[in-house]
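Visitor:
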Amino acid sequence: MGNFDIALLQNIAYILAAILFITGIKMLGKEATAQRGNVISAIGMFIAIIVTAINIVNPLVVLGGILLGAFIGSVIAVKVKMTSIPEMVALFNGFGGLATFFIAWSEMSNTNDNLFQYLLVILTVYIGGVTFSGSLIAYGKLSERLKIGKGHLVTNLFISLFYLSLISILAMLILPMIGSLPLNFETIFYIYLALVMLGGVGFVLPIGGGDMPVVISLLNSLSGIAAAFAGLILVNNVLIVAGSLVGASGLILTIIMAKAMNRTIGNILFIGYAASVASSSSEQGEVKPINAEDAFLILENASSVLIVPGYGMAVAQAQHVVRELGELLEENGTDVKYGIHPVAGRMPGHMNVLLAEANVSYDLLAEPDDVNPMMDTVDVAVVIGANDVVNPSATEEPGSPIYGMPILEVANARTVFVLKRSMSSGFAGVQNPLFFKENTRMLFGDAKESISGLVSEFKD
Amino acid sequence: MEIYILLGFVLILSIYLGLELISKVPSTLHTPLMSGANAISGIALVGALTLTQDTFLQTVIAFLAITFASINVFGGYLVTNRMLSMFKKK
């Protein structure tokens, strides 16, 4: 087979792979077909890789890299605990970005005098690099290893570097027009590479944990766009198609998350809650604590219970005891539903993954639009470590920073149990009037221990 | 220049197709969709395989690109599959 035939075969296989990616990602969007969709997209990937590997330059380097990557990736994927999924997704995402960063770097030497190619390389280096370092910071924040946030001196330094990196894109673009440079081009390019990496750190560092669902979705989108741009550089259609699909799906998730917070993407990325006008009214009353025994008596007589999990459930790893409680309630003849807010937790769908891990059937999970109209028929709403997503200020207090955010309106249920460690306010730093409502009872303590307490009351 | 017009055409159509395909996703699938899409972005591996390896630096860069893209591909698909196998209706 001559070179021409190989190229032809590759292109035909790429079309097939593109079809499989499109079919796969479509099926990923429906519960019944999601798992098959993932397999179909994996087959597309396999085909694309195999036909590309027919005429590789250096088998040792190529096979070594693939085997090493496959080993590391598989070990992480199999070993990771389901509670660590958010940071794992962030990490894999970052590695994809890093690969495109290297591709663009390598292609710098092939730009010759093609100005458009040069422009693509500069942009792809940027998107890929920011995706990588930004994802690493997201990984650090999600795994709680990185505690530096907004307002810290280090954060401010990196924010400056982020803006500097944006300016440096422009500088790089006009560079070819300047006749004599103070440094040789290679040195300038390396400085640019470093700035890009530091800029990505500054991009994600100031963003708080509660906004992570938006950031992760956005980084996901960027990794796709970076791959699509790499496809433009390499004149490779399968990279463009696959990258664009990822870019689009990430963008849709980003928009869904931002809508669920009633904020614009710009506000989340560059302003944050702190800059919003603080709520003036502080009609605080007395909170009414309750113990497990009394809570059990109320739950035992309830005919309808809504469980509302939040990040606190993830932290306490309480999903298994929550499922146990749900089952005991059902055996007792109670109608049990789970109210899931789209931004509860640290990534899109975080609560769904945890409850799925604990074996909760997904048809018991309901979104705010489904449960809010029927909230007055709910006897007990059990809020487990959720705060901002059930804060009635969002509907009642026009001055509140979270006013207008769609919430789970648990305050309309007959009784509300709030499981909480202490009286600290949520991520948004907004006081939650729910705790002071007439029908609210506070069950203080670790979510897992509190629920276990209820479970053992049921068993006795 | 013509080739870029053609590629740009593919780019725009694919993004549009993606937006149409995924516009309505139940929140149960947000994480698996993100993770599954993330695995697809490992397609960068195909690009990494085609990089020139004439100099030592180029070889190192290609090796790193291939390794990291492979982690993305294998880890991404496996973890998505693991996650989806937990999603069951009873």
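Those protein sequence lines, which keep their order, are chains A and B. So the number in the numbering used here is just where the residue sits in the first sequence, counting from 1, plus 300. With the numbering used here, the residue at position 18 of the second sequence is 0, and numbering never jumps. Cβ atoms here follow ideal geometry from the backbone N, Cα and C, with glycine treated the same way.
1. In the structure shown, what three-state DSSP assignment does K447/A receive?
2. Consult DSSP for S604/A and reduce its assignment to one of helix, strand or coil.
3. Tell me the DSSP secondary structure of D676/A in three-state form.
4. Taking only beta-carbon positions, decide if V615/A is within less than 7 Å of chain B.
5. Measure the C-alpha to C-alpha separation of L328/A and G365/A and round it to an integer number of angstroms.
6. Residues in its own chain within less than 8 Å of D760/A by CB, not counting five upstream and five downstream?
7. Which residues share a DSSP beta bridge with A26/B?
8. Is P668/A helix, strand or coil when you go by DSSP?
9. Using 7 Å as the threshold, is the C-beta distance between F432/A and L398/A below it?
10. Do you know whose CA, among E657/A, F596/A and I640/A, lies nearest S384/A's CA?
11. Please check the pair V504/A and V515/A, which I expect to be a contact at CB under 8 Å, by giving their CB distance rounded to whole angstroms.
12. Kindly list the residues whose CB is nearer than 8 Å to the CB of R623/A, restricted to its own chain and excluding five residues on each side of it in sequence; keep chain order.
13. Given this structure, state the Cα-to-Cα distance separating A558/A from L(-1)/B, to the nearest angstrom.
14. Using only alpha-carbon positions, find the residue among G699/A, P589/A and A342/A that is nearest to N739/A.
15. Within this structure, are the beta carbons of T424/A and A530/A separated by less than 7 Å?
16. Identify whether I507/A lies in helix, strand or coil by the three-state DSSP scheme.
17. Taking the CB atoms as reference points, tell me whether V541/A and S17/B lie closer together than 7 Å.
18. Could you tell me which whole alpha helix (DSSP H) segments of length 4 or greater appear in the stretch 309 to 370 of chain A?
19. By alpha-carbon positions, which one of I312/A, I376/A and L754/A ends up nearest to I598/A?
20. DSSP three-state call for K6/B: helix, strand or coil?
21. Under three-state DSSP, which class holds D635/A?
22. Measure the beta-carbon distance from G543/A to N520/A and round it to whole angstroms, keeping in mind my assumption that it falls under 8 Å.
23. If you check the beta carbons only, do A616/A and K748/A fall under 7 Å apart?
24. Listing by chain order, which chain A residues have their CB less than 9 Å from the CB of F69/B?
25. With 16 other CB atoms within 10 Å as the buried threshold, where does T554/A fall?
26. What does A548/A reach in chain B if we use C-beta pairs closer than 7 Å?
27. Which one or two residues does DSSP pair with A717/A in a beta bridge?
28. Alpha carbon to alpha carbon, how far is H452/A from V577/A? Give it in angstroms, no decimals.
29. Using CA coordinates, which residue listed in M477/A, F744/A and I491/A is at the minimum distance from L461/A?
30. Does any CB atom of chain B fall closer than 7 Å to the CB of K637/A?
31. Quick one: grab the DSSP three-state call for P589/A.
32. Which residues of chain B have a Cβ atom closer than 9 Å to the Cβ of M723/A, listed in chain order?
33. Please determine if the stretch 37 to 51 of chain B and the stretch 671 to 683 of chain A are in contact, where contact requires at least 3 C-beta pairs separated by less than 8 Å.
34. Go ahead and pull the three-state DSSP assignment for P513/A.
35. From the DSSP secondary-structure annotation, give me the bridge partner or partners of P14/B.
36. Hey, could you find the ends of the alpha helix (DSSP H) H452/A is sitting in?
Guide: If we stick to the structure as given:
1. The answer is coil: DSSP assigns K447/A none of H, G, I, E or B.
2. Shown here, S604/A sits in a strand according to DSSP, grouped into three states.
3. In this structure, D676/A counts as helix in the three-state DSSP scheme.
4. Interface annotation, V615/A: not in contact with chain B, CB-CB separation never under 7 Å.
5. Using only the alpha carbons, I get a separation of about 29 Å.
6. If we look at D760/A and ignore the five residues flanking it on each side, it has no Cβ neighbours.
7. Beta-bridge pairing links A26/B to no other residue.
8. Residue state, collapsed to three classes: helix.
9. Contact flag set, yes.
10. Looking at the Cα atoms, E657/A is the closest of the given residues.
11. Contact flag correct, Cβ pair sits at about 6 Å.
12. Contacts found: L655, A658, N659 and V660.
13. The straight-line gap from Cα to Cα measures roughly 22 Å.
14. For N739/A, the closest alpha carbon among the candidates G699/A, P589/A and A342/A is that of P589/A.
15. Yes, these two residues count as a Cβ contact at 7 Å.
16. In the structure shown, I507/A sits in coil (DSSP, three-state: anything other than H, G, I, E or B).
17. At least 7 Å separates the beta-carbon of V541/A from that of S17/B.
18. You should have 334 to 352.
19. Answer by Cα proximity: L754/A.
20. In this structure, DSSP gives K6/B a state outside helix and strand, which the three-state scheme calls coil.
21. Strand, per DSSP.
22. Not really, about 12 Å apart at Cβ, beyond 8 Å.
23. Using a Cβ distance threshold of 7 Å, A616/A and K748/A count as a contacting pair.
24. E331, A334, Q335, N652, V653, A656 and Y662, listed in chain order.
25. Classified as buried, T554/A has 16 or more neighbouring CB atoms from the shown chains inside 10 Å of its CB.
26. Among the residues of chain B, those whose CB is under 7 Å from the CB of A548/A are I(-3), G0, L1 and I4, following chain order.
27. Rather than Ala, the amino acid found at residue 717/A in this sequence is Phe. Note: F717/A sits in a beta bridge opposite V682/A and R741/A.
28. Its pLDDT being 43, under 50, V577/A is placed unreliably in this model, and the value from its coordinates should be taken loosely. CA-to-CA, the gap between V577/A and H452/A works out to about 21 Å.
29. The residue from M477/A, F744/A and I491/A with its alpha-carbon nearest to that of L461/A is I491/A.
30. Cβ-Cβ to chain B under 7 Å: no for K637/A.
31. Of the three classes helix, strand and coil, the one that applies to P589/A here is strand, per DSSP.
32. What M723/A touches in chain B: nothing, since even the nearest Cβ is about 29 Å away.
33. No, the stretch 37 to 51 of chain B is not in contact with the stretch 671 to 683 of chain A.
34. When secondary structure is reduced to three states using DSSP, P513/A falls in the helix class.
35. Answer is none; P14/B lacks a bridge partner.
36. No alpha helix (DSSP H) holds H452/A; DSSP gives it neither H nor E.
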